[in-house]
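So the sequence lines, in the order shown, correspond to chains A and B.
When you read off a place in the first sequence, starting at 1, and then add 619, the result is the number in the working numbering.
When you read off a place in the second sequence, starting at 1, and then add 16, the result is the number in the working numbering.
Report on one structure; see the data block that follows.
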Amino acid sequence: DTAVSQTPKYLVTQMGNDKSIKCEQNLGHDTMYWYKQDSKKFLKIMFSYNNKELIINETVPNRFSPKSPDKAHLNLHINSLELGDSAVYFCASSQLAGGTDTQYFGPGTRLTVL
Amino acid sequence: RKEVEQDPGPFNVPEGATVAFNCTYSNSASQSFFWYRQDCRKEPKLLMSVYSSGNEDGRFTAQLNRASQYISLLIRDSKLSDSATYLCVVNRGNFNKFYFGSGTKLNVKP
């Protein structure tokens, strides 16, 4: 069974479109994250939720809106896509919101904006 | 200054070699330290946590030097399957962010 799953795996779209990426974890973890990995492979946190509550909200354009309907799901909606949004987006989860816990990553969603 | 800095490499080593990576972190309040491994076009996976006293897991040894604010990873008897990018990760504690280094690429050659 996949621990952290994301859909879609690949997303190719035009500038200006709106798209969503979904993430689900079946590990029973309390905390979920969205990361962006750019072309230089630098992995940067965007958002973190603990028990459906937003606890980390990085300096991310407000075109990006996360939603956590329950603690097993964390979705990411992106409005008015721009070329610079092209990247790999990883969802992750951990048992605790604290820093001592292992994070488990999903397989990533490779977003290409044309 | 970046929160976590790593030499991007690549480190090209023959099978059987011993290789070491260092990572420096800027915030002395950092409390938790990890090494993750990322294969090409895959997600990062935890390799090992790094404890104050240093720790070993098979061929892998991690060390933490709080005074100098660096973390190291030593790989002994390198295998072809060790080829990957190794990410240094630090965290300042509860409800805080994980900061990732940009990774060090290792190529192990036959």
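The C-beta atom is built at its ideal place from N, Cα and C for all residues, glycine as well.
For Asp-73 of chain B, the pairing in a beta bridge is given by DSSP as B:Phe-76.
By DSSP's assignment, Gln-656 of chain A forms a beta bridge with A:Leu-662 and A:Val-707. Going by DSSP, Pro-60 of chain B is part of the beta strand (DSSP E) stretching over 60-66. It is roughly 7 Å from the alpha-carbon of Gln-714 of chain A to the alpha-carbon of Asp-720 of chain A. Gly-725 of chain A belongs to the set of residues whose beta carbon lies under 8 Å from a beta carbon in chain B. Residues of chain B whose Cβ lies closer than 8 Å to the Cβ of Leu-630 of chain A do not exist, since the nearest Cβ in that chain is about 15 Å away. Any Cβ of chain B closer than 8 Å to the Cβ of Ile-675 of chain A would place that residue at the interface, and such an atom is present. If you look at Asn-681 of chain A, you'll find it isn't in any beta strand (DSSP E); DSSP assigns it neither H nor E. When B:Thr-101, B:Pro-60, B:Glu-59 and B:Asn-28 are compared, the shortest CA-CA separation from Thr-120 of chain B is found for B:Thr-101.
The beta carbon of Leu-700 of chain A sits no closer than 8 Å to any beta carbon of chain B.
At a cut-off of 8 Å between beta carbons, Lys-95 of chain B makes no contact with chain A. At least one C-beta of chain A is nearer than 8 Å to the C-beta of Thr-101 of chain B. Under the three-state reduction of DSSP, Ser-687 of chain A is assigned to strand.
The C-beta of Ile-640 of chain A comes no closer than 8 Å to any C-beta of chain B.
Judged by beta-carbon spacing, Tyr-52 of chain B lies beyond the 8 Å limit of Lys-58 of chain B, meaning their Cβ atoms are not closer than that value. The beta carbons of Gly-117 of chain B and Cys-39 of chain B sit closer together than 8 Å. In this structure, Tyr-652 of chain A places its C-beta atom within 8 Å of the C-beta atom of Ser-667 of chain A. Arg-729 of chain A: member of the beta strand (DSSP E) spanning 728-732, first to last residue. For Arg-82 of chain B, there is no enclosing beta strand (DSSP E), since its DSSP letter is neither H nor E.
In this structure, the alpha-carbon of Ser-46 of chain B lies about 7 Å from that of Gly-109 of chain B. If you check each beta-carbon in the region 28-48 of chain B against every beta-carbon of chain A, the ones closer than 8 Å belong to Gln-47 and Ser-48. Closest by C-alpha distance to Thr-650 of chain A, out of A:Phe-661, A:Ser-705 and A:Phe-724, is A:Phe-724.
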